[in-house]
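Those letters in the sequence shown? Residues 23 to 333, by the working numbering. Backbone N, C-alpha and C define an ideal beta-carbon position, used for all residues, glycine too.
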Amino acid sequence: MRYLEKINYSLKKLMKNNKDLYLMGEDLLDPYGGAFKVTKEISSLYPSRVLTTPISEAAIAGIACGMSMNNKKVILEIMFGDFLSLTFDQMLNHISKFQWLFNQIKMPLIIRTPMGGYRGYGATHSQSIEKHFCGIPNLNVISIDRYCDIERIYEEALNSNSPTLIIENKILYSKKQLQNKDLPFYDKPDIICVAYGGVLDFCVESSLEIFKEEEINVSVYNVNKLNPFQKDMIKKLSKLSKKFLFVEEGCGEWGFSEMCNSSLVGINDIKTISVKGPNHPLPSSKKWETELLPNKDRIKEAIIELYKSNA
Numbered sequence: 023m024r025y026l027e028k029i030n031y032s033l034k035k036l037m038k039n040n041k042d043l044y045l046m047g048e049d050l051l052d053p054y055g056g057a058f059k060v061t062k063e064i065s066s067l068y069p070s071r072v073l074t075t076p077i078s079e080a081a082i083a084g085i086a087c088g089m090s091m092n093n094k095k096v097i098l099e100i101m102f103g104d105f106l107s108l109t110f111d112q113m114l115n116h117i118s119k120f121q122w123l124f125n126q127i128k129m130p131l132i133i134r135t136p137m138g139g140y141r142g143y144g145a146t147h148s149q150s151i152e153k154h155f156c157g158i159p160n161l162n163v164i165s166i167d168r169y170c171d172i173e174r175i176y177e178e179a180l181n182s183n184s185p186t187l188i189i190e191n192k193i194l195y196s197k198k199q200l201q202n203k204d205l206p207f208y209d210k211p212d213i214i215c216v217a218y219g220g221v222l223d224f225c226v227e228s229s230l231e232i233f234k235e236e237e238i239n240v241s242v243y244n245v246n247k248l249n250p251f252q253k254d255m256i257k258k259l260s261k262l263s264k265k266f267l268f269v270e271e272g273c274g275e276w277g278f279s280e281m282c283n284s285s286l287v288g289i290n291d292i293k294t295i296s297v298k299g300p301n302h303p304l305p306s307s308k309k310w311e312t313e314l315l316p317n318k319d320r321i322k323e324a325i326i327e328l329y330k331s332n333a
C-alpha cells in the first residue's frame, strides 16, 4: 500500500467509526478528491459529512475550531502546507488556547496538510514551515513518514481530544509504505542520524550506501512528534553514539536541528553536523531545488566528515 493510500484508508476508517466526524477542505468532493487525491471516494461514502469549503484558510480554520468546540470531531485539510500561514492567528490565539480558556473542553480537531519541496512548485508551494507551529503550547505537531504507523497516529490524534497538526510530505504520496523495522539499525553505530518526514528516505539510502562503500555504520531514527519536542529521546540516543547527524528539509535557523543540538548540551564528547534547507526562497527549477535541499550526496558527505572528525 502506498503512503497516500494508507492515509486515505486511515481517514475512511475514522469516518466509518466516528459518526460525528466531519472532513473539511477545499475541492475535496469526488471526482476530484483533493489536490493530491488523499480524500478520494470519501465524499461518495459519506456525502453529508465531507464539506467542501471556500478558498479562505483563515475562515475554514475558524469554522473547524468552532465545530470541534461544539462536540463535533473535525479533520481539516489545508491544500498546501505553505497556506498554513493564513491559519496562524486561529492556531495561535484560538485553537491552541480555547481548551484552557473554556474549562478544559474537548477539541477533537486534526489539521492535516501536504508539506515540502522536491517537485519544482516554486517559492510559495514548496516550503517546510512546520517549525513556526512547533513550540505553541497545547498544539500537537506530528510528521508522518513511510516508516510509522499512520493509522495509529491518526486514531490517537483524534482520540486525544486536543488540536493536532499533521504534516504529510507530498514527495511520499506515491511511495510504498514501509515499517519502522525497515530503518537501518546497528547495536553500536558509528553515527546516529535523526530526521523526520520526506528526507528520511535520503537518510536511509545514504546509510545503506555508505556502509557498502566505507563500512560506516549509521543508524537512522525517525521522529514523528515534533511538538512537544522529544528531548529525552535524543538524550537517550547519546548512550549509543557520540556522533549525530540531524537532517531537516526546512531552513535550519530556529529549527529541528537546533532543538536536537540543544538536547545534547552538557553531554561530554558529543559531535554533531546538521544538513538543512537553504535560508532563502526555493527556486522553481526542480534540479536547482533538489541541489539546495537535503539530498543523498550532501548527507553522505556529512556522514564522512562526521566519521573522520575527532569528538
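Which listed residue (Pro-185, Tyr-218, Ala-57 and Cys-225) has its alpha carbon closest to that of Gln-252: Stepping through the sequence shown from its first residue, residue 252 is reached at position 230. Among Pro-185, Tyr-218, Ala-57 and Cys-225, the Cα nearest to that of Gln-252 is on Tyr-218.
One or two residues paired with Thr-135 in a DSSP bridge: Within the sequence shown, numbered from 1, the residue matching residue 135 stands at position 113. According to DSSP, which records beta bridges pairwise, Thr-135 is partnered with Ile-189.
Contact under 7 angstroms by Cβ, Ile-133 with Leu-187: Locating residue 133 in the sequence shown gives position 111, where the first residue counts as 1. Locating residue 187 in the sequence shown gives position 165, where the first residue counts as 1. For Ile-133 and Leu-187, yes; Cβs fall inside 7 angstroms.
Distance between Met-101 and Gly-139 (C-alpha atoms, nearest Å): Position 117 of the sequence shown, counting from 1, holds the residue named residue 139. Position 79 of the sequence shown, counting from 1, holds the residue named residue 101. Cα to Cα, the separation comes out at about 14 angstroms.
Same chain, Cβ closer than 8 angstroms to Lys-34, neighbours up to 5 away in sequence not counted: Here the question's residue 34 lines up with position 12 in the sequence shown. Glu-63, Ile-64 and Leu-67.
Residues bridged to Arg-24 (per DSSP): Numbered from 1 along the sequence shown, position 2 holds the residue referred to as residue 24. Lys-198.
Entirely enclosed alpha helix (DSSP H) segments - the region 252-281, minimum 4 residues: 253-259
Candidates Tyr-44, Gly-277, Leu-161 and Lys-128: closest to Asn-115 by CA position: One-based indexing of the sequence shown puts residue 115 at position 93. Nearest of Tyr-44, Gly-277, Leu-161 and Lys-128 to Asn-115, Cα basis: Leu-161.
Sequence-distant residues of its chain with Cβ nearer than 7 angstroms to Lys-261 (five each side left out): Locating residue 261 in the sequence shown gives position 239, where the first residue counts as 1. Nothing listed; no residue qualifies.
With 16 other Cβ atoms within 10 Å as the buried cut-off, status of Arg-168: Position 146 of the sequence shown holds residue 168. Under this definition Arg-168 is a buried residue.
Thr-146 - DSSP class collapsed to helix/strand/coil: Position 124 of the sequence shown, counting from 1, holds the residue named residue 146. Three-state DSSP puts Thr-146 in coil, outside helix and strand.
Secondary structure, beta strand (DSSP E): runs of 3+ residues fully inside the region 69-120: Listed in chain order, the complete beta strand (DSSP E) runs (minimum 3 residues) inside the region 69-120 are 72-74 and 95-99.
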